[in-house]
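Accompanying notes for the structure given below.
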Amino acid sequence: MKDARPLRDITWNELQEMDAGRKGPLFNRHDRPYHCLIAQQFSREMLDRLGDLATAVRRIAKSKAGSRFLAGLLDHKRAMIYFSQPSSRTFLSFYAACQILGIKPSEVRDAATSSEMKGESPEDTVRTFSSYFDLLIMRTPKQGFAEKMAWLLSNTDRPVPIINAGSGKDQHPTQALLDIYTLQRSFERAGGIDGKTVVFVGDLARGRTVRSLSCLLTNYRDVRQCFVTDPRLQVPDDVLEQLKAKGVEYEVSDDFAAAVPRADAIYMTRIQDEWDKTPGESGHLDISRYSLTAKHLAQLKMTAVLMHPLPRRGEIEVAIDRDPRAIYWRQVRNGMWIRVALIATVFNVDAQILEYYKLNHA
Amino acid sequence: MKDARPLRDITWNELQEMDAGRKGPLFNRHDRPYHCLIAQQFSREMLDRLGDLATAVRRIAKSKAGSRFLAGLLDHKRAMIYFSQPSSRTFLSFYAACQILGIKPSEVRDAATSSEMKGESPEDTVRTFSSYFDLLIMRTPKQGFAEKMAWLLSNTDRPVPIINAGSGKDQHPTQALLDIYTLQRSFERAGGIDGKTVVFVGDLARGRTVRSLSCLLTNYRDVRQCFVTDPRLQVPDDVLEQLKAKGVEYEVSDDFAAAVPRADAIYMTRIQDEWDKTPGESGHLDISRYSLTAKHLAQLKMTAVLMHPLPRRGEIEVAIDRDPRAIYWRQVRNGMWIRVALIATVFNVDAQILEYYKLNHA
Amino acid sequence: MKDARPLRDITWNELQEMDAGRKGPLFNRHDRPYHCLIAQQFSREMLDRLGDLATAVRRIAKSKAGSRFLAGLLDHKRAMIYFSQPSSRTFLSFYAACQILGIKPSEVRDAATSSEMKGESPEDTVRTFSSYFDLLIMRTPKQGFAEKMAWLLSNTDRPVPIINAGSGKDQHPTQALLDIYTLQRSFERAGGIDGKTVVFVGDLARGRTVRSLSCLLTNYRDVRQCFVTDPRLQVPDDVLEQLKAKGVEYEVSDDFAAAVPRADAIYMTRIQDEWDKTPGESGHLDISRYSLTAKHLAQLKMTAVLMHPLPRRGEIEVAIDRDPRAIYWRQVRNGMWIRVALIATVFNVDAQILEYYKLNHA
């Protein structure tokens, strides 16, 4: 991997080619993820299948019998959820996803606590931990580390799939999957995602969710992407260039009021001031202009949806939570369901789930 | 909830009325807890039923077949045990109680560890976490926060029951339940709690366990309550006024030796110096006069019981642990059993347990 | 226990005698561990049985049906893994071992976090925690504390077995068991451990793994032990005296190159500078002379094995990991399997496992 380009710079077709004919970093078959490292590795076909699977799981889980069916699928597996960077919400979502499939989760918060670890390489630490488990779910502040471990473990006697649960400012592929799934669900009876207008608002410069979702949306036909925020927080040029290269229609603007009525989905984000170069630099921005308040609701299409990756600060008034178009709380739960779908796919029990669903729910 | 009186100022009858006709904060049916927030919400009838259920569970759990029956009751449920204030013993007791019923527990120790949480409201944090779970067990230093979340979640699409595992100096209802259950068990063949004399000793001014147990004991007939300690640590006036209002016989004294021979139960407590207004102020008190030593045992009724909510310091000599009347170690386990009973009742599997018990043990 | 000698100073025969006729600290029957406290408590017969059991478990766990059989053995039990000294690898190994047998684990990282614990004795803390569990797995920095708790709990109404997961510089018996099991596996088809030459390299003065493994190897016939390192890190005299007393052949040397070709097993260890009396004192040593590099591989027997208790620093080049004789990664997993075997034996389900193995695998 030392001489290879980072995965994020590689297209999905190239990735597939790289993987062909050897135990690669991403797929165990050409159409199925093994490691889940970057948003770009998912084709539209995969996204559709994951979404269908998540919906099946969600409905199956409503009954006790269904829950037991799911919990029997992978009850012989153990997962390590290794978060060297804290994130309770992502952690709990994966923890619950494992439990739903019967996988026994173990938590490792920080390897660095142990004095005897001093001097051990991070690769050795993770490989040691991986010895006890069948799945690694990793969150690290180090860009590229999950990839590196995926290559390393794929080349040992005992490969273990790795799911990237967020690596620095870089990648958080399951967040992107849950956003896509939320859009799939929202437009299920409205022709799907194709042809919709998605408005991104807030800190578009530093939010990795915006970057990943924008990329995955290019898998859909005729989706218009609008980036609406203060110019100092606008989306980076490389995101726009990617859209241009793929012929995707997009718009860059600072006029939130004008964007609201045209949106099929509004994707709000908070200011990520933890990435400020000078402490407090984001504090000078007037973000109230890019906040959603009760007065916008009247302008919003009845069929539109309001999303937010959470946590929120003031970008969305609490009073809006009761509006049926506000789906960010459901979005949280979608994250759990899509993670179940992803893990089920990694372990090849997706067909069993769809079969059960057909027999009992369709 | 902003304009409402805090629940602790409201009588049980009033609470029931408040709840009638809507999805209230406490009950899903008039006779059954939904949220478990305060000790006062439990009537004698409920306490008796919980005690019987705890005993059934305790006996069923002795066999492997019984354990498996219990673990199959709620194996489709997941609980979040959210302790923003550390308490390993209460945490483990709830953790074990969940495991006994097959509920898969997840732990959240402190939401504040994550930098990305900064600026999120505590309500949003807990609501996010609740998305992945079917039960929230919460311990917070903030008085009233569990109540607030109970109201909030009861008014969403996806209500989740909340069990208060201790909120500040305020309420710790399951501790009160376990104390009552310990008395129920101890006097099972001696006519029950009615007519007994309970002697409270130690830090009666600041111990919330004393306050709650004193309150719950008013549900029983002819129970005499004695508060024996240094005058500076005596029970607050509002507790005594409550007893007076209900016509309960009580006694306030500083003479421990005189109280011992008359006690059916002695409830020892430690000095809670973590609540000292000036650091070290409790250090000046001579608590050795309110400590139980081997010499008291001869004066104690053969049928009496010695309780302590633990942790203890010097109030009870370790040598006393072997006296059969010392039941504080059993009291610890009773906490686990009564929590199982409570959770089983919240999820309406109490009848199934009693049925199994009747068929297999009676 | 106050007047008794520490267990580590007592021979196994003496221990058995002490235990005869009463609920002792180590055995519930003469041939079976109850508490697992020190490496010396294991006879060769026990080591052989544990090794056979570990192998059976390892093979049974390969299939889903087998995993389910194992997970049904002790699914009515709960374990507390109480690590007041951090060690993620040992923790995870025990956690996974419990999960394999269906035991529900709970984690206690540090009892000291809770302010209300202040003033409670460590014995009360552990006894309280033990109330909720059927097995305690303890790691403490305090030498002898696990032993003390074993005696204390053995003399209560509710004894609970204790497994010592490492106590200070003192004892780490399951590490010794996993090292023996690794040697058993490695020489399975080469006549077993009897007659082999084991070369210990590195920090032999302070590594408790070396001390314990050296002791357990005396159970085998004609094993030659070589201690190869810088004289300032050589093995303590009491270890050598023990070997002398038992008539075991040993060698003390500083010539690594000479030792390599004669070794059947090389047991590498890292410098344990966390025990340095003056910070940095180990830094002055040139340990590169006692590091394994690619150039040694040519000198090493084809049938030899390279072991390391991990974590490693520079003692073994990463490039060596791919050599089939490098078995330290397998050694990590052996730790999990031997812990499963130990716990299964404590709870008397070993015969059931061997029966299943005979029916399905032999």
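Residue numbers (this note's numbering), protein chains in the order written: chain A, -8 to 353; chain B, -8 to 353; chain C, -8 to 353. A virtual CB, placed ideally from N, CA and C, is assigned to each residue, including glycine. Given the structure is predicted, the values throughout are model-derived calculations rather than measurements.
Anticipated Cβ contact below 8 Å, residue i with residue j, distance rounded
i, j, result
"L207 (chain B)", "I171 (chain B)", "5 Å"
"R330 (chain A)", "F85 (chain A)", "6 Å"
"G326 (chain B)", "L169 (chain B)", "4 Å"
"S177 (chain B)", "I318 (chain B)", "6 Å"
"L291 (chain C)", "R316 (chain C)", "6 Å"
"Q32 (chain B)", "P24 (chain B)", "6 Å"
"Q175 (chain B)", "S158 (chain B)", "With a Cβ gap of about 25 Å, Q175 (chain B) and S158 (chain B) do not count as contacting."
"I128 (chain A)", "H26 (chain A)", "The pair is not a contact, with the Cβ atoms about 11 Å apart (cut-off 8 Å)."
"A137 (chain A)", "L28 (chain A)", "6 Å"
"R118 (chain C)", "L144 (chain C)", "7 Å"
"W142 (chain C)", "R197 (chain C)", "That pair is no contact at about 28 Å."
"Q90 (chain A)", "R69 (chain B)", "6 Å"
"E240 (chain B)", "P302 (chain A)", "E240 (chain B) to P302 (chain A), Cβ: 54 Å. No contact."
Residue range of the beta strand (DSSP E) that includes residue i
i, result
"G157 (chain C)", "I153 to S158"
"V189 (chain C)", "T188 to V192"
"S244 (chain A)", "Y241 to S244"
"S97 (chain C)", "K95 to V99"
"M131 (chain B)", "What sits at residue 131 (chain B) in the sequence shown is Thr, not Met. Looking at the DSSP string, the run of the beta strand (DSSP E) that includes T131 (chain B) is L126 to T131."
Outcome for residue i when other beta-carbon atoms lying within 10 angstroms are tallied against a minimum of 16
i, result
"R313 (chain A)", "exposed"
"R20 (chain B)", "Confidence in R20 (chain B) is poor, its pLDDT being 48 and thus under 50, which makes the residue's placement unreliable; the coordinate value appears in the next sentence. Classification for R20 (chain B): exposed."
"D(-6) (chain C)", "The predicted model places D(-6) (chain C) with a pLDDT of 36, which falls under 50 and marks its position as unreliable, so this point remains unresolved."
"M293 (chain A)", "exposed"
"Y348 (chain A)", "buried"
"P252 (chain C)", "exposed"
"R261 (chain B)", "buried"
"G15 (chain C)", "Note on G15 (chain C): pLDDT 48, under 50, position unreliable in the model; no value is reported."
"N210 (chain B)", "buried"
"E179 (chain A)", "exposed"
"V309 (chain C)", "exposed"
"A342 (chain B)", "exposed"
"L333 (chain A)", "buried"
"W328 (chain C)", "buried"
"L126 (chain C)", "buried"
"D228 (chain A)", "exposed"
"G12 (chain A)", "Here G12 (chain A) scores only 43 on pLDDT, less than 50, and its place in the model should not be relied on; the value that follows carries that caveat. It is exposed - the Cβ of G12 (chain A) has fewer than 16 other Cβ atoms within 10 Å."
"G274 (chain A)", "exposed"
"H359 (chain B)", "The structure shown does not extend to residue 359 (chain B), since chain B is modelled only from -8 to 353, so the question has no answer here."
"G238 (chain C)", "exposed"
"S97 (chain B)", "buried"
Endpoints, the alpha helix (DSSP H) within which residue i is located
i, result
"F223 (chain B)", "Residue 223 (chain B) is actually Arg in this sequence, not Phe. Run containing R223 (chain B): none; DSSP gives neither H nor E here."
"Y73 (chain B)", "Unbroken run through Y73 (chain B) is the beta strand (DSSP E), R69 to F74; no alpha helix (DSSP H)."
"P150 (chain A)", "Where P150 (chain A) is concerned, there is no enclosing alpha helix (DSSP H), given that its DSSP letter is neither H nor E."
"S122 (chain C)", "Per DSSP, S122 (chain C) belongs to no alpha helix (DSSP H) and is neither H nor E."
"S84 (chain B)", "S79 to I91"
"G57 (chain B)", "K55 to A62"
"L233 (chain B)", "Checking the sequence shown, residue 233 (chain B) turns out to be Gln, not Leu. Counting along the chain, the alpha helix (DSSP H) containing Q233 (chain B) begins and ends at D228 to A236."
"D43 (chain C)", "R35 to I51"
"I344 (chain B)", "D341 to N351"
"A196 (chain C)", "Per DSSP, A196 (chain C) belongs to no alpha helix (DSSP H) and is neither H nor E."
"F136 (chain C)", "F136 to S145"
Identity of the residues DSSP links to residue i by a beta bridge
i, result
"F218 (chain C)", "C:F191 and C:V243"
"Q162 (chain B)", "B:S158"
What are the uninterrupted segments assigned as beta strand (DSSP E) that are 3 or more residues long and contained completely in the region 242 to 330 of chain B, given in chain order? 256 to 259 and 296 to 298
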